[in-house]
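>
Residue numbers (this note's numbering), protein chains in the order written: chain A, 10 to 590; chain B, 10 to 590.
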């Protein structure tokens, strides 16, 4: 190594040691006859000291060093007169006797500091400079540790990591595939996997019984904020298990990560049915760091000539603690919030539970004080609380109220990113009905098993069929999801028929899996975690982009390397394709 | 878990335990009143016993179980009368009192045994059954352990695993890229990485100083035997290092894997220059498990009117120990071997060093006994040895002789797959000249640094310039290779110019890297290992395909899932491409 030590490790025990350090010039300060340079690397910052009186030539050299120059220095460790006890190296500095400039640097286009002046686009274009910032570096270090600890846990339980192929076959179900033209097989295409789903099921058929993989997956979606065309999953599957085995095994993984990464001992994760999650939180991934549950007022409020409520399928409320003195302006803001097209509510009704015991509502003319009191009791509201009420179609109103609940959670600082509330959501419906296309879709995916006791409902009442499917939710974010799979060919066939696959389509797309089911497929199930998302949650961030070394922007573009980009005509020709713009 | 134990763990200490086992029926045998079923899972085989006298009904059920049925049995552990001490479970059997058939199986198309009757193509089509064979399973278990131990070693040295993107940008240098049309950016394409080369260099610029990744890479090559379009690398890079640091760090990795995976303590790896490897082995990846070095006879043999030798640039020999009594037929076979088009030699001359001290050569009429003796002395041949001689252009003749050397190594059983001879080959030339296209190519890649002392030769004598490049070779197989990289923009520019990139091309393809070099790029270098290949070597196999769960065939086709395949017209339309067949 060119260096003897890194920039984060020298301390008072190294006094008088001769050392060689390498790193980047973070900043330099001239104080009278002294020049101080902060030398930075991945491990920390060490202060270099130059004395004009002792070595004017060297001090002159130091003064000419620009920001982000890469240098090598030789010197000796000395105790600082002015200690900085906040830094691990803050008690020492290096009396330098030789500088070697390893490479110069132009002035970077933004400051390489935790709080930078660089905008998102500029930082992405110069991502290699952005990655030098200590907060970004910590994110990638966290990610590395998450990977290491995940593998330690999985390996300790006899899971075997098996790489599944990246060049696979396009399937029409789900999101769009990225495809790859085959040169050797003209007119044919590989697809990039949206997940290794069918391969991991084949591994169960092959007897590998405990598989996992940390693996890139791909989805050609219209990118919303914080989606990436390539993302990473912790993909897992087990054989000879029931749902309970999967939940306990992967609750174990989550606890291991909480403990090793965050230093937190977490108790047994609560579980909630999908039905309860929708009823009490309006959301299949509830943030249970705080209560503020949805309360159904439908029965209480009807029959008072208030048409909005009388016509509503659902009238639902939440109670915001200590908010009874919200101003008209604050309430208007929240009304605008729920009326935004993304939420699409038609309005917001409030009820102030005043500190003096009186009630004040936006629908006073329809409801007496006595009646309003019933609302407050139903909501378990206390003096000083503010109740919000919405009405309309059940699912839409629940979802809108969920958004308001989350917004109120933010406003009331109930969503502390350093508090973690994991939750299993279970008993998802097997299907969802799509009004537009007038057909069923698989809520999880077409390989998910219905609950055995609900199989008779498949023909009579499919929407009521519950799946052996489950999600792990942390702080209102879905970290992972999975299911017990179908392992019998007949049931899988029936499922595909219900999802609108013809026999021919099914054979064409999933024939290899159906055939595999005829050669001794064991009962099996699994789960997949969004690795980027989990890292972000543990890092206390909403954005997965901060946890990906080289992310793409919202147009799926890597602005640093300028990709995607046109390719040569000869390349197209070789691939037997042409442009069709 | 449905089971209480797996099929590999019960032994004499479990006698009388009540157990539940799950697995596949490997085979069943009826012996008079008893039926024995071998139950198999990933962990082993356990014998199940059924007694017609005790429970005729159950025994009848057992007799109907077909091969590869998946069953669950409840029973108790008992000591076998007929012990099989070769199996971990061979001292016990299970007295079954209940069988549950979890799934039936059709008769598999080949036997699920180490030695199977299934041909390659059939096994690939039913890969999920092939993967049940214990030898294939052991290969994937080896691979898993290699991954785990690699990560343990790298993590212990503060390397950080960072995922680089899979959807990147096409570059014309090197092998062909697989490309991915972008739907959102019509007419533009991503490319799949042939390696994360530029990204890992950017990570060095970003200050991450010790990076690694076990990562899929892609090459759209015309597939030769044992190449795969997607393959896995252990990709590594370090900053603030010289070549010696890289060699010792990764010799450490290799030793760690030798020790933890193979249980072998390996001494310091020998090193050999590229020049010596070519001179003494005719090969830049010599198999040094055995000597049989190439000996140059050019000077000794000239001037005796034997035109083949007189005209040759190189006359070179090897001596095969104890082969002097090879028959004419054996020698003819070897002559045919070197004349095959893949090798392309024009002929093979032999010299028998007979046990009686006489010499017998195919060119007796040109060379006296005395002269032949000189050859034998040069070759350090002993009585009983057989010397082979070839002549022609230097490089071609060296390579042909290398092939013969390897063939003789095989014939003489000198290439034991359980003996390991690692070797660093160093001092590669920076360029190679291509006669066909009349230009230089980078021997390693365009980012490789010349040796500092050879930089003056860049203009005057480029072919003599040596690179700071190195390969790790084990048993004649290149396991990995790398180099110290260029980290200065000017030198990188000069290199690209010499490789025929115009300024515009260079900017277009590598502009982001060149720009990055202007912002404080540290000295850096790295290495990448072929993970599939390394697993195969450790497993004692020549074929990487045996170490990949779902490999593709020689046409790049996955015959199990039938990929690549045509895609829908609508998909093409969305991607703004059409077929051009």
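All C-beta atoms in this analysis are idealised placements derived from N, C-alpha and C, irrespective of residue type, glycine included.
(1) What span of residues does the beta strand (DSSP E) with residue 165 of chain A cover, start to end?
(2) With a cut-off of 8 Å, do at least 3 Cβ pairs link the stretch 188 to 207 of chain B to the stretch 133 to 149 of chain A?
(3) Looking only at C-alpha atoms, which of A:348, A:391 and A:384 sits nearest to residue 365 of chain A?
(4) Using a Cβ cut-off of 7 Å (strictly closer), state whether residue 552 of chain B contacts chain A.
(5) Using DSSP with H/G/I as helix, E/B as strand and the rest coil, what is residue 261 of chain B?
(6) How close, in whole Å, do the beta carbons of residue 537 of chain B and residue 243 of chain B come, if the pair is a contact with beta carbons under 8 Å?
(7) Please state if the CB of residue 109 of chain A and the CB of residue 89 of chain A are separated by a distance shorter than 7 Å.
(8) Check whether the Cβ atoms of residue 21 of chain A and residue 100 of chain A lie closer than 7 Å to each other.
(9) Between which two residues does the beta strand (DSSP E) containing residue 527 of chain B stretch?
(10) Considering only the alpha carbon of each residue, which of B:67, B:154, B:42 and B:81 lies closest to residue 556 of chain B?
(11) Just to check my reading of the structure: residue 592 of chain A and residue 178 of chain B have Cβ atoms closer than 8 Å, yes? What is that Cβ distance to the nearest angstrom?
(12) From the DSSP output, in three-state form, read off residue 544 of chain A for me.
(13) So with Cβ pairs under 7 Å, would you call residue 193 of chain A a contact of chain B?
(14) Any contact of the stretch 252 to 268 of chain A with the stretch 201 to 212 of chain A, i.e. 3+ C-beta pairs under 8 Å?
(15) Which of the three DSSP states, helix, strand or coil, is assigned to residue 60 of chain B?
(16) Look at the alpha carbon of residue 563 of chain B and the alpha carbon of residue 228 of chain B, and state the distance between them as a whole number of angstroms.
(17) Under the three-state reduction of DSSP, which class applies to residue 578 of chain B: helix, strand or coil?
(18) Given a threshold of 16 other Cβ atoms within 10 Å of its Cβ, counted over all protein chains shown, does residue 38 of chain B qualify as buried or as exposed?
(19) If the criterion is Cβ atoms closer than 7 Å, does the pair residue 508 of chain B and residue 451 of chain B meet it?
(20) Quick check: the Cα distance between residue 298 of chain B and residue 485 of chain B, rounded to an integer number of angstroms?
(21) Within the chosen definition, does the stretch 526 to 545 of chain B reach the stretch 473 to 492 of chain B through at least 3 CB pairs nearer than 8 Å?
(22) Under 7 Å between beta-carbons, which chain A residues line up against residue 543 of chain B? List them in chain order, please.
(23) Taking a Cβ distance cut-off of 7 Å, strictly less, list which residues of the stretch 63 to 84 of chain B are near chain A, in chain order.
(24) May I ask you to list, following chain order, the residues of the stretch 560 to 577 of chain A that have a beta carbon less than 9 Å from some beta carbon of chain B?
(25) Taking residue 411 of chain B as the reference, give the member of B:447, B:303, B:215 and B:376 with the closest Cα.
(26) Quick one, which of A:145, A:134, A:107 and A:430 has its alpha-carbon nearest residue 124 of chain A's?
(27) For the stretch 492 to 513 of chain B, which residues have a beta carbon sitting closer than 8 Å to at least one beta carbon of chain A?
(28) Interface residues of chain B around residue 150 of chain A at Cβ under 8 Å?
(29) For residue 368 of chain A, which residues of its own chain have a beta-carbon under 8 Å away from its beta-carbon, when the five flanking residues on both sides are left out?
(30) Please list the residues of the stretch 217 to 228 of chain B that have a C-beta atom closer than 7 Å to any C-beta atom in chain A, keeping them in chain order.
(31) For residue 239 of chain B, go through chain A and note every residue whose CB falls closer than 8 Å to its CB, in chain order.
(32) Look at the Cβ atom of residue 331 of chain A, then the Cβ atom of residue 393 of chain A, and state whether they are nearer than 7 Å.
(33) Compile a chain-ordered list of the residues in the stretch 102 to 115 of chain B whose CB is closer than 7 Å to at least one CB of chain A.
(34) Below 8 Å, can you find three or more Cβ-Cβ pairs linking the stretch 420 to 432 of chain B to the stretch 272 to 287 of chain B?
(35) Which first and last residues belong to the alpha helix (DSSP H) in which residue 411 of chain B is found?
(36) State the DSSP-derived secondary structure class of residue 564 of chain A, mapped to helix, strand or coil.
Quick look at the numbers:
(1) Taking the first chain and counting its residues from 1, one reaches residue 165 of chain A at position 156. Looking at the DSSP string, residue 165 of chain A is not in any beta strand (DSSP E); the run it does join, the alpha helix (DSSP H), is 143 to 165.
(2) no
(3) In the first chain, residue 365 of chain A corresponds to position 356, counting from 1. Comparing Cα-Cα distances from residue 365 of chain A to each of A:348, A:391 and A:384, the minimum goes to A:391.
(4) Stepping through the second chain from its first residue, residue 552 of chain B is reached at position 543. No - not a single Cβ of chain A is within 7 Å of the one on residue 552 of chain B.
(5) Here residue 261 of chain B corresponds to residue number 252 of the second chain, with the count starting at 1. If DSSP states are grouped into helix, strand and coil, residue 261 of chain B belongs with the helices.
(6) The residue labelled residue 537 of chain B in the question sits at position 528 within the second chain. The residue labelled residue 243 of chain B in the question sits at position 234 within the second chain. About 7 Å; that satisfies the 8 Å criterion.
(7) What you label residue 89 of chain A is simply residue 80 of the first chain in a count that begins at 1. What you label residue 109 of chain A is simply residue 100 of the first chain in a count that begins at 1. Not a contact, by the Cβ cut-off of 7 Å.
(8) As a first step, residue 21 of chain A is located in the first chain; it is residue number 12 there, counting from the start. As a first step, residue 100 of chain A is located in the first chain; it is residue number 91 there, counting from the start. A contact, by the Cβ cut-off of 7 Å.
(9) Taking the first residue of the second chain as position 1, residue 527 of chain B is located at position 518. That residue, residue 527 of chain B, is in no beta strand (DSSP E); it is neither H nor E in DSSP.
(10) Looking up residue 556 of chain B in the second chain gives position 547. Closest option to residue 556 of chain B, Cα to Cα, is B:154.
(11) It is not possible to answer for residue 592 of chain A, since the shown part of chain A is limited to 10 through 590.
(12) Numbered from 1 along the first chain, position 535 holds the residue referred to as residue 544 of chain A. Three-state result, residue 544 of chain A: helix.
(13) Sequence index remark: in the first chain, residue 193 of chain A carries index 184 (1-based). At least one chain B Cβ lies under 7 Å of residue 193 of chain A.
(14) no
(15) Taking the second chain and counting its residues from 1, the one referred to as residue 60 of chain B is at position 51. Residue 60 of chain B: strand per DSSP, three-state reduction.
(16) Counting from 1 along the second chain, the entry for residue 563 of chain B is found at position 554. Counting from 1 along the second chain, the entry for residue 228 of chain B is found at position 219. Going from the Cα of residue 563 of chain B to the Cα of residue 228 of chain B covers about 13 Å.
(17) The count along the second chain starts at 1 and reaches residue 578 of chain B at position 569. Here residue 578 of chain B sits in helix by DSSP.
(18) Position 29 of the second chain, counted from the first residue, corresponds to residue 38 of chain B. It counts as exposed.
(19) In the second chain, residue 508 of chain B corresponds to position 499, counting from 1. In the second chain, residue 451 of chain B corresponds to position 442, counting from 1. Cβ atoms of residue 508 of chain B and residue 451 of chain B: closer than 7 Å.
(20) Indexing the second chain from 1 puts residue 298 of chain B at position 289. Indexing the second chain from 1 puts residue 485 of chain B at position 476. Each residue's alpha carbon lies about 9 Å from the other.
(21) yes
(22) Locating residue 543 of chain B in the second chain gives position 534, counting from the first residue. Chain A residues near residue 543 of chain B: none, gap ~14 Å exceeds 7 Å.
(23) 77, 78 and 79
(24) 560, 561, 564, 565, 566, 567, 569, 570, 571, 572, 573, 574, 575, 576 and 577
(25) For the purposes of this step, residue 411 of chain B is taken as the residue at position 402 of the second chain. Checked all of B:447, B:303, B:215 and B:376; the closest Cα to residue 411 of chain B is B:303.
(26) Against the first chain, residue 124 of chain A aligns to sequence position 115. Comparing Cα positions, the closest option is A:145.
(27) 496 and 497
(28) Position 141 of the first chain holds residue 150 of chain A. What residue 150 of chain A touches in chain B: 169.
(29) Walking along the first chain from the start, residue 368 of chain A turns up at place 359. Same-chain partners within the cutoff: 360, 361, 362, 378, 381, 382 and 385.
(30) 217, 218 and 225
(31) Numbered from its first residue, the second chain carries residue 239 of chain B at position 230. Simply 174, 175 and 176.
(32) If you number the first chain from 1, residue 331 of chain A lands on position 322. If you number the first chain from 1, residue 393 of chain A lands on position 384. Yes, they are a contact pair.
(33) 111, 112, 114 and 115
(34) yes
(35) As a first step, residue 411 of chain B must be located in the second chain, where it is residue number 402. Counting along the chain, the alpha helix (DSSP H) containing residue 411 of chain B begins and ends at 403 to 420.
(36) Taking the first residue of the first chain as 1, we reach residue 564 of chain A at position 555. Three-state DSSP puts residue 564 of chain A in coil, outside helix and strand.
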